[in-house]
Every structure is written in structure tokens, then in C-alpha cells.
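Peer 1: Numbering-wise, the sequence shown is residues 2 to 245 according to the numbering used here. Just so it is clear, CB atoms sit at the ideal spot from N, CA and C, and this is done for glycine as well. For clarity, every value in this text was computed on a predicted model and none was experimentally measured.
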Amino acid sequence: MPAPIEIDGIRREWPLPSGATLVAVDDLSLVVPRGSVFGLLGPNGAGKTTLMRMLTTLIPPTRGTARIEGHDLVQDPAGVRGCVGYLSASSGLPPLLTCTEAIATFADLQQVPRPRAAIARAIAQFGITGFADRFVGDLSTGMRQRVRIACATVHRPPVVILDEPTSGLDLVSARQLLDAILSARDAGATVIFSTHVLQEAEQICDRIAIVARGRLEAEGTIAELLAQTGAPQLSEAFLAVVGL
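Pasting the structure below:
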């Protein structure tokens, strides 16, 4: 069985007003193992969000491609969208819907069979039962993030892509969200997860890729990254890889 995510020389350029070109992702290749939480680390401007947006077909690559569950994102973007759940750093939910209504809306958009069962499963999986009938606008940030993940995964996609999902959360809410990510993995999903908090990566990631200046600079388990750099901990390995 092929890997769920195979990235092959993907590149994204942006034209600048000066006439120059900004290379956001620079001929990056990567294979993500099935059933893993795969961490994507890098400084601001490294290209992480651009890479994730390409993997979800929100923007096309300048060249290169990737395959998500065998679907080529250039040749078969609809196939890619059907097997990916995506949570961006900025996506929101309608504040006047209840949590159940919000999840039901996404289930309808994804044409989920047996939607009532799927909605109930998502509510239970991500710990939403206690506030399922509350309006989204009345929730804490941590509660709202759990609902957003439930919406993104109600169709049980085999691949889940999360762009800094714990940003702005307190420690308790962040821990609850990390548990929700592990729950998605344990239910069979492959998860790509970006974060600036290295402790989070240490807690839940099976493998990690470090990206800098749009390039893949290192990839492996935490033990492998420490061995590659000779660093005693992930933070020092990260700094060594990105050149700081």
C-alpha cells in the first residue's frame, strides 16, 4: 500500500512588485508514513502554511506535485479534497450555529452517508458532548478549536492537515486539543501538524520534518534528529538545523 502523502519536488513561487520572485517552497520532497502524527516545524516564513495550502489544493504548485491517498493534487484535485480534512490557522465557524449544527453543516457539505451517526461520533470523539447545544460564538477558544477539528474530520478523512491548531490556547485547552489529534490518529487518520511549540511536537509526533527557507532541512523521529545533529534535546536540534 502506498504512503498516504507523497510529495515530489513541489515548489511555489510568488511574483513580487519589484519583478523578483519569492520562493516560498523550494523543490520539497517528502513521504509521510500511514497512521502517524507528522510534525512540521520551522521558523516564521519557512513555507509551512504554503505547503499545507498546496496539499489541500487551495493554491496550485508552480511545479512538482504530491499524491494524497494516490490522488495527484494537480491532475485530480477533487479526489484530493475528498480524502483530506483541513484546519487552517485562520478558519472560523458561524457564531450563531450550535456546535451540533456547525458539524452537521460540514457533514452536509461532504455528503457524509448516515450523517446523524457521523455527527454523534465526532461529538463524542472530540469531547464536545457537554456543550454540543451551545452556540459557537459563546464557546471558549479551546472549545471552539475542538469543534473546528470535528467539522474538519466529520467525514472521517484518511488524511488530516492542521496548521498551528493550538495557537492562542492555554495549557489545558492545548493539551485537550493534542489529545483530540491523537484520537484522530488512533481512529486511523494520518495527521500533519504544524506548531511553533516544540514541546507539543515532542508529546505527540511520531516523526518530524524541519523546514527552513522553503526547503526540507531534516526529517526523522526525534531520536533520529538528535542523532543527526548531536544535540541533547529537540530545541537545540531545531536551532542547529535552521542555522540559528
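Using a Cβ cut-off of 8 Å (strictly closer), state whether D207 contacts chain B.
Peer 2: Among the chains of the structure shown, chain B does not appear; only one protein chain is present.
Peer 1: Under 8 Å between the Cβ atoms of V161 and A133?
Peer 2: No, the Cβ-Cβ distance between V161 and A133 is not below 8 Å.
Peer 1: Which one of V243, E201, V198 and Q200 has the shortest CA to CA distance from L217?
Peer 2: It is V243 whose Cα lies nearest to the Cα of L217.
Peer 1: When the distance is taken between beta carbons, is L88 closer than 8 Å to P166?
Peer 2: Yes, the pair counts as a contact, with Cβ atoms nearer than the cut-off.
Peer 1: Taking G128 as the reference, give the member of V113, D180 and C84 with the closest Cα.
Peer 2: For the residues V113, D180 and C84, the minimum Cα distance to G128 belongs to D180.
Peer 1: Quick test of the definition: if touching needs 3 or more C-beta pairs under 8 Å, does the region 98-108 touch the region 168-182?
Peer 2: Contact fails: fewer than three Cβ-Cβ distances are below 8 Å.
Peer 1: Measure the alpha-carbon distance for F194 versus R147 and round it to whole angstroms.
Peer 2: Between F194 and R147, the C-alpha separation is close to 15 Å.
Peer 1: Pair every Cβ in the region 48-64 with every Cβ in the region 73-85, then say whether three or more of these pairs are closer than 8 Å.
Peer 2: Segments in contact, yes.
Peer 1: Less than 6 Å between C-beta atoms, sequence neighbours within five positions excluded: which residues of the same chain meet that for V24?
Peer 2: Taken in chain order, the residues that qualify are E14 and G215.
Peer 1: Going by beta-carbon coordinates alone, are R64 and E7 separated by less than 8 Å?
Peer 2: No, they are not a contact pair.
Peer 1: With DSSP as the reference, label S30 as helix, strand or coil.
Peer 2: Strand.
Peer 1: What span of residues does the beta strand (DSSP E) with F194 cover, start to end?
Peer 2: Per DSSP, F194 belongs to the beta strand (DSSP E) from T191 to S195.
Peer 1: Among residues of its own chain, excluding the 5 on either side of T50, which ones have a beta-carbon nearer than 6 Å to its beta-carbon?
Peer 2: Excluding positions up to five away in sequence, the list reads D164.
Peer 1: DSSP three-state call for A219: helix, strand or coil?
Peer 2: DSSP places A219 in strand when its eight states are reduced to three.
Peer 1: Grab me the residues of E203's own chain with a C-beta within less than 8 Å of its C-beta, minus the 5 sequence neighbours each way, in chain order.
Peer 2: Closer than 8 Å at the Cβ level, and outside the excluded window around E203, lie I223 and L235.
Peer 1: Which of helix, strand or coil does DSSP assign to E165?
Peer 2: The answer is coil: DSSP assigns E165 none of H, G, I, E or B.
Peer 1: For T66, collect the residues of the same chain with a Cβ closer than 7 Å to its Cβ; drop the 5 residues on either side in sequence, then sort them by chain order.
Peer 2: Correct list, in chain order: D9, I11, D73, L74 and V75.
Peer 1: Out of P18, V137, L41 and R135, state which residue places its alpha-carbon closest to the alpha-carbon of F239.
Peer 2: Nearest option by C-alpha distance: L41.
Peer 1: Which runs of the alpha helix (DSSP H), 4 residues or longer, sit entirely within the region 31-70?
Peer 2: Counting only runs of 4 or more, we get 49-56.
Peer 1: Given a threshold of 16 other Cβ atoms within 10 Å of its Cβ, counted over all protein chains shown, does V155 qualify as buried or as exposed?
Peer 2: Label assigned to V155: buried.
Peer 1: Less than 8 Å between the beta carbons of R149 and F39, yes or no?
Peer 2: No; because the gap between Cβ atoms is not below 8 Å, this pair is not in contact.
Peer 1: Does the separation of the CB atoms of I151 and I124 fall below 8 Å?
Peer 2: Per the sequence shown, residue 151 should be read as Ala rather than Ile. Contact: yes.
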